[in-house]
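To keep things clear, I will list the structure first and then write my remarks on it.
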Amino acid sequence: MSEIKMDLPIVSVIMSAYNENTIVSRAIESVLQQSYPNFELIIVDDCSTDSTLSILKSYQKKDPRIVVLCNSTNLGLTSSLIKGVSASRGRLITRIDADDFYHVDKIKRQVDLYNMNPLVRWNVVLSGEVAPDCTLLGIQSTDISNMNPSTIMEHMRTTENAFYHGAVMFEKSLYEQAGGYRPSFDGAEDFDLWLRFMEISEFGIIPEVLYYRETRETGISVKSAIKQAIVASGAIKCTRHRLNKLPEVDEIRTMQQTVVAKNDINTVINYIGLNRCWYLGCKIFPYNPSVSYPFIKASLSEKLRWRAVVKLGLAKLPIGITRLAVNTYRYGVKHTFVSFLFRHKMKERK
């Protein structure tokens, strides 16, 4: 390995980790093995109760580029990221989640693109979904490889986030100019940040899969999915306010009130809108069909009617078949088939 210069890193990689002792090493190793060496890796341990912190400290002793920060209480992801970015020394910032990993050239490719046109102050790579054994299942659900920036911008301002958090690299000065991560948007803090970036700078795209996110077989938290949908909707609504030169404060307050009332399905539906009801219903359907039904029903319209009817019809089938059908719709045949094989192998081991 080439000599590591620790004067001033060009790139700061930010990670937050909480009770990730079984997987965090893979993420760290993928950063340390980057072909671009001039970086620092700042890891914020969010008061883990397992052996995560000891693992982080062992890596810190081995490589001077690693900085470990410890929260005395569990602050959550957004506050931990704010802490990590505040401690960073690099001109460019990128992220990695503790259960994700990089392609070996990920940082180099993004730095090279930035150096080609420093006026384009942030850029994004494609992301891949992988099984726990690192088998590539497919690319991200919103394929941006053949979309131009204006189309992506319109999609994000009206529909959903098209960028995985760790796939983006941005100037620290752009982050500061935009106001940084906002704790009010915890759950969709990255989406809120990208929407504000778009009002300041153009972005570049590297149409290659250089960031990998694991698709976990343990499912998702329905409550966190509902909260994320609320906050993402709030980010879009706040963008409209800013573009129309209107204050955001009332919209943020309404968003926060809806998060508090997330168990009231009708309140959530009224806030997030019918289109997002469809995406939310699809997301939680395989894990909790009964909770998903109101969202899917609410999305009934001329545009979405046939898909919603199919979903509701699946409710009559055994849950295993239902999950198979919905996952095939969401991820494609290859993803679903590989996931099935993985679960089958896990059952054999047990």
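Mapping of the sequence shown onto UniProt numbering: position 2 corresponds to residue 2, and the numbering continues sequentially without gaps.
Ideal Cβ positions, reconstructed from N, Cα and C, are used throughout, including at glycine.
Given the structure is predicted, the values throughout are model-derived calculations rather than measurements.
When ILE66, VAL67, LYS83 are compared, the shortest CA-CA separation from ASN74 is found for LYS83.
Rounded to whole angstroms, the separation of the alpha carbons of LEU126 and ASN146 is 11 Å. Of the candidates PRO286, MET198, LEU210, MET198 places its Cα closest to the Cα of ILE236. Taking a contact to require three or more Cβ pairs closer than 8 Å, the segment 184-203 and the segment 220-235 qualify as touching. Note on geometry: alpha-carbon atoms of GLY281 and VAL231 lie some 16 Å from one another. Per DSSP, the beta-bridge partners of THR94 are VAL13, MET169. Residue burial is scored here from C-beta neighbours: LYS61 has fewer than 16 other C-beta atoms within 10 angstroms and is therefore classed as exposed. About 7 Å separates the beta carbon of THR159 from that of ASN275, a gap short enough to meet the 8 Å contact definition. Counting C-beta atoms within 10 angstroms of its own C-beta, LEU53 has 16 or more neighbours from the protein chains shown and is therefore classed as buried. Rounded to whole angstroms, the gap between the alpha carbons of PRO9 and ALA298 is 50 Å. Distance from the CA of ARG196 to the CA of VAL120, rounded to the nearest whole angstrom, comes to 14 Å.
Contact between the segment 124-139 and the segment 239-254 is absent, with fewer than three C-beta pairs closer than 8 Å.
In this structure, the straight-line span from the alpha carbon of TYR59 to that of GLN33 is close to 13 Å. Straight-line spacing of the CA atoms in GLU171 and LEU81 works out to 15 Å. For SER51 and ASN19, the gap between their C-alpha atoms comes out near 7 Å. In the DSSP assignment, ILE206 falls outside any alpha helix (DSSP H) and within the unbroken beta strand (DSSP E) covering 203-214. With respect to MET15, ILE96 sits close: the two C-beta atoms are nearer than 7 Å.
By DSSP's assignment, ILE139 forms a beta bridge with GLY128. Counting only runs of at least 4 residues, the UniProt domain "Glycosyltransferase 2-like" (12-118) fully encloses the following alpha helix (DSSP H) elements, listed from N- to C-terminal order: 24-32, 52-62, 77-87, 106-116. Residues ASN21, VAL24, SER25 of the same chain have their beta carbon placed closer than 7 Å to that of ILE55, with the five preceding and five following residues left out of the count.
When C-alpha distances from PHE39 are compared across ASP45, LEU69, ILE93, the shortest belongs to ILE93.
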